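At position 31 of the sequence shown the residue is numbered 48 (the numbering used here), and the sequence of numbers has no breaks. Glycine included, every Cβ here is placed at the ideal spot set by N, Cα and C. Since this is a predicted model, take the numbers as computed values, not measurements. To keep things clear, I will list the structure first and then write my remarks on it.
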Amino acid sequence: MDGRRGPARLAAGLIGLIAWGAVLAQLLLALETGVEKGTPPWMVAWNLFSYFTILSNSLVGLVTLHYALAQSDPRSDWKAGREAHWLAGSGMLAATALYIIVVGIIYQTILASQNNVTGFAKLVDTMLHGFVPIAYPLWWLAYGRSDRLRWWQALVWLEFPAIYCLYTLVRGDYLGRYPYPFIDVTKLGYETVGMNIAGLVMLFLLGAGIVIGIDNLLPRRNASY
Numbered sequence: 018m019d020g021r022r023g024p025a026r027l028a029a030g031l032i033g034l035i036a037w038g039a040v041l042a043q044l045l046l047a048l049e050t051g052v053e054k055g056t057p058p059w060m061v062a063w064n065l066f067s068y069f070t071i072l073s074n075s076l077v078g079l080v081t082l083h084y085a086l087a088q089s090d091p092r093s094d095w096k097a098g099r100e101a102h103w104l105a106g107s108g109m110l111a112a113t114a115l116y117i118i119v120v121g122i123i124y125q126t127i128l129a130s131q132n133n134v135t136g137f138a139k140l141v142d143t144m145l146h147g148f149v150p151i152a153y154p155l156w157w158l159a160y161g162r163s164d165r166l167r168w169w170q171a172l173v174w175l176e177f178p179a180i181y182c183l184y185t186l187v188r189g190d191y192l193g194r195y196p197y198p199f200i201d202v203t204k205l206g207y208e209t210v211g212m213n214i215a216g217l218v219m220l221f222l223l224g225a226g227i228v229i230g231i232d233n234l235l236p237r238r239n240a241s242y
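Following this line, the structure appears as structure tokens:
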């Protein structure tokens, strides 16, 4: 047995439980507030899962808990001619790191000053925007890298945020509400929002380049289960 298998799986399991725990806690807090306002529970859940933060933390939970609970290394299965699980691919693990890093950067630079939550809500907020965006990339650096990343993968990783932005604009046009102020068409207009989205694309591309560059510069280590 690889000596790193135990620590890697333990750390992945801990991060996954915290990520999903924080998402669940945020949902319960949102439901409590929604009930007071008379908002249907399904709408509360829909609103919450329309935040990129929640989607990214949920993805972190998926990939880390899959890593922690997998009975064998999917890469070994692939080498033996069997299909590897899509959650275990080196590209997926790296893309997840990119998404959650961007969550942390945008929150700390743009949104943190506008969020005045306290108490338990503050703890949940710290887990979603602070702990997970730091812990998961560190875990990926230590244990999640195996197959060397390619530069063209940066374009593939843009699919998720691009679809998210399109979905947000369509949903916002229908409901008249947007999850983030910098993509609020009702207040900023399409021209400004378009420029903000272009800036987000550049941020994701820059981040992807940094992630791939770091992966290629650091010594190769096989991820273990």
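Out of the options, point me to the one whose CA is closest to residue i's CA.
i	options	result
V173	T143, G206, V218 and V61	V218
G33	I180, G224, S163 and M144	M144
A124	F148, P24, Y181 and A112	Checking the sequence shown, residue 124 turns out to be Tyr, not Ala. For Y124, the nearest C-alpha among the options comes from F148.
I227	S130, L158 and T126	L158
D7	E176, M109 and L166	Missing from the structure shown is residue 7; the chain here goes from 18 to 242 and no further.
A25	A87, I127 and I151	A87
N309	A47, K54 and A29	No statement about residue 309 is possible, as the shown extent of the chain runs from 18 to 242 and does not include it.
L222	Y160, P236, E176 and Y184	E176
V40	D164, W169, I180 and L140	L140
L205	T70, L186 and Y191	L186
A112	W169, V134 and L183	W169
G38	R162, A138 and G216	A138
G23	L79, W59 and Y84	Y84
Q131	L234, F199 and G78	F199
R162	V61, P236 and S67	P236
F66	A215, E53, G55 and L45	L45
Under three-state DSSP, which class holds residue i?
i	result
H102	coil
T143	helix
F66	coil
N132	coil
A87	coil
L235	coil
G193	coil
T56	coil
L223	helix
Under the rule that 16 or more other beta-carbon atoms within 10 Å means buried, what is residue i, buried or exposed?
i	result
Q43	buried
L110	buried
P57	exposed
T81	buried
Y153	buried
The segment 192 to 200 in contact with the segment 210 to 230 per 3-pair CB rule at 8 Å: Contact holds: three or more Cβ-Cβ distances are below 8 Å.
Considering only residues of the segment 147 to 185, which uninterrupted alpha helix (DSSP H) runs meet the minimum length of 4 residues and lie entirely inside it, listed in chain order? Considered as a whole, the segment 147 to 185 harbours 149 to 156 and 170 to 174 as its complete alpha helix (DSSP H) runs of no fewer than 4 residues, in chain order.
Evaluate contact between the segment 104 to 122 and the segment 62 to 76, counting only Cβ atoms and requiring at least three cross-stretch pairs below 8 Å. The answer is yes - the segment 62 to 76 touches the segment 104 to 122, with three or more Cβ pairs under 8 Å.
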